[in-house]
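Heads up: the sequence shown begins at 1 in the UniProt record's numbering, then just goes up one per residue. For every residue, glycine included, the Cβ atom is placed at its ideal position computed from N, Cα and C. All figures in this text were calculated on a predicted structure; none of them were measured in a lab. Reading through the structure tokens given below for one structure.
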Amino acid sequence: GWYDMQKASINPLQFSNPQTFVMNGVDDYKTDGSSNGELITLRLENVEDTHGTNYYIGYNRASGFNRGTLEAINTVVVFSTSEKDIRNRSKRIADLPVGHRLTLSDFRSSGYDVYVDVKNISSNQKDATIVISSSKHGSPPSAPPPTFPPTWSDTSYPTPESSMLCEDDPYFYFKRAHKTCAGWVGKGKNKLHKQKKYKKIQKKCKKKVIGQFKIWDFCQETCALVDLGDCATKH
């Protein structure tokens, strides 16, 4: 599944004290399991069944294949996903810089509110520290004091890398294990001279995966064959 070694799912109402998590961007995912507890995605379980809305927290670090992002740069982002939506579409509901808070009112119809606070983003933009807490509806706790990193004249965008490997992510699959870059997205790529095959692969590459990311962000080599993604110009 997605980022299995760096994802977590919690019911925030089960904790009596605020919980702190360190979030990393998708480009910092450790495929070898060598992370120190940092998360790529954190799910807040708003429902226990499959008929409601859950919330997913991530950190939109502008690095690697995501370095060209133009929205919510180096910011904690929160998405909501309806389990009733068979297309599994997500909606971005909040962009949270340091010192900002998202309130999820009456979480699980419990009479309690849940809060997502961004406490700190490290000076190298790699780690975003968030705090999850809850309180009775209408009685918010004090937000944790934010820690701001040193500022530079050019902190909005990271320094572009001199080169980028235009390769397919070997760990990627789309919803089901057999839907890989080579085995599913690129099926028929040896017949790209046929317009129908070309358009079919293009359609797959344009599918949204999570948040603003699309398949072409993960199947870079394959999607470049149909002129999509950052690697298209290098093909």
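Considering only their Cβ atoms, is the gap separating alanine 94 from leucine 104 smaller than 7 angstroms?
Stepping through the sequence shown from its first residue, residue 104 is reached at position 104. Stepping through the sequence shown from its first residue, residue 94 is reached at position 94. Going by C-beta atoms, leucine 104 is not nearer than 7 angstroms to alanine 94.
Below 7 angstroms between beta carbons: does that hold for glutamate 221 and aspartate 168?
In the sequence shown, residue 221 corresponds to position 221, counting from 1. In the sequence shown, residue 168 corresponds to position 168, counting from 1. Taking 7 angstroms as the Cβ cut-off, glutamate 221 and aspartate 168 qualify as a contacting pair.
So is leucine 104 in contact with chain C if we call contact Cβ pairs under 7 angstroms?
Of the chains in the structure shown, none is chain C; there is only one protein chain.
Buried or exposed, going by whether 16 or more other CB atoms sit within 10 Å of the CB of tyrosine 96?
Here residue 96 refers to the residue found at position 96 when the sequence shown is read from its first residue. The displayed chain sequence assigns leucine, not tyrosine, to residue 96. The residue is buried, with at least 16 neighbouring Cβ atoms inside 10 Å.
Within the same chain, show all residues whose beta-carbon is closer than 8 angstroms to that of lysine 179, passing over the 5 residues directly before and after it, in chain order.
Sequence index remark: in the sequence shown, residue 179 carries index 179 (1-based). Excluding positions up to five away in sequence, the list reads Tyr173 and Val185.
Nearest-angstrom Cα distance between serine 156 and threonine 75?
If you number the sequence shown from 1, residue 156 lands on position 156. If you number the sequence shown from 1, residue 75 lands on position 75. Because serine 156 sits at a pLDDT of 34, beneath the cut-off of 50, its placement in the model cannot be relied upon, and the point is left open.
Leaving out five residues before and five after asparagine 17 in sequence, what residues of the same chain have Cβ atoms less than 6 angstroms from its Cβ?
Locating residue 17 in the sequence shown gives position 17, where the first residue counts as 1. No residues qualify anywhere along the chain.
At the level of alpha carbons, what is the spacing between tyrosine 55 and valine 26?
The residue you call residue 55 lines up with position 55 of the sequence shown. The residue you call residue 26 lines up with position 26 of the sequence shown. Computed Cα separation, rounded: 17 angstroms.
Go ahead and label phenylalanine 218 buried or exposed: buried means 16 or more other beta carbons lie within 10 angstroms of its beta carbon, across all protein chains shown.
For the purposes of this step, residue 218 is taken as the residue at position 218 of the sequence shown. Phenylalanine 218 comes out buried.
Could you compute how far the alpha carbon of threonine 129 sits from the alpha carbon of glycine 188?
Residue mapping note: residue 129 aligns to position 129 of the sequence shown, counting from 1. Residue mapping note: residue 188 aligns to position 188 of the sequence shown, counting from 1. So the two alpha carbons sit approximately 44 angstroms from each other.
Measuring alpha carbon to alpha carbon, tell me which of Asp32, Gln14, Ser122 and Leu225 ends up nearest histidine 193.
Locating residue 193 in the sequence shown gives position 193, where the first residue counts as 1. Cα-wise, what sits closest to histidine 193 is Leu225.
Tell me which same chain residues have a C-beta within less than 6 angstroms of the C-beta of residue 236, skipping the five on either side of it?
Residue 236 lies beyond the range of the chain shown here (1 to 235); nothing can be said about it.
Excluding the 5 residues flanking aspartate 106 on each side, which residues of the same chain have their C-beta closer than 8 angstroms to its C-beta?
Numbered from its first residue, the sequence shown carries residue 106 at position 106. Closer than 8 angstroms at the Cβ level, and outside the excluded window around aspartate 106, lie Tyr112, Asp113 and His137.
Rounded to a whole number of angstroms, what is the C-alpha to C-alpha distance between glutamine 6 and asparagine 36?
Taking the sequence shown and counting its residues from 1, one reaches residue 6 at position 6. Taking the sequence shown and counting its residues from 1, one reaches residue 36 at position 36. Cα to Cα, glutamine 6 sits roughly 9 angstroms from asparagine 36.
Among Lys191, Cys223 and Lys197, whose alpha-carbon lies nearest the alpha-carbon of cysteine 205?
To locate residue 205, count along the sequence shown from 1; it is residue 205. Out of Lys191, Cys223 and Lys197, Cys223 has the C-alpha closest to the C-alpha of cysteine 205.
Enumerate in chain order the residues of its own chain whose CB-to-CB distance from alanine 8 is below 6 angstroms, with the five nearest sequence positions on each side excluded.
Your numbering for residue 8 matches position 8 in the sequence shown. The answer, listed in chain order, is Leu39 and Leu42.
Excluding sequence positions up to five away, which residues of its chain have a Cβ less than 6 angstroms from the Cβ of glycine 99?
As a position in the sequence shown, residue 99 is number 99, starting the count at 1. Around glycine 99: Pro146.
Residues in the same chain with beta-carbon distance under 7 angstroms from lysine 191, minus the five sequence neighbours each way, listed in chain order, please.
Numbered from its first residue, the sequence shown carries residue 191 at position 191. Excluding sequence neighbours, lysine 191 sits near Lys197.
So, is serine 162 buried or exposed, given that buried needs 16 or more other C-beta atoms within 10 angstroms?
Counted from its first residue, the sequence shown places residue 162 at position 162. The pLDDT assigned to serine 162 is 31, lower than 50, so where the model puts this residue is not dependable, and the model offers no usable value.
Serine 110 and leucine 44 look like a contact to me (Cβ under 8 angstroms); what is the Cβ gap, rounded to whole Å?
Residue 110 sits at position 110 when you count from the first residue of the sequence shown. Residue 44 sits at position 44 when you count from the first residue of the sequence shown. About 13 angstroms; that fails the 8 angstroms criterion.
Between the C-alpha atoms of glycine 58 and isoleucine 132, what's the straight-line distance to the nearest angstrom?
Taking the first residue of the sequence shown as position 1, residue 58 is located at position 58. Taking the first residue of the sequence shown as position 1, residue 132 is located at position 132. Between glycine 58 and isoleucine 132, the C-alpha separation is close to 13 angstroms.
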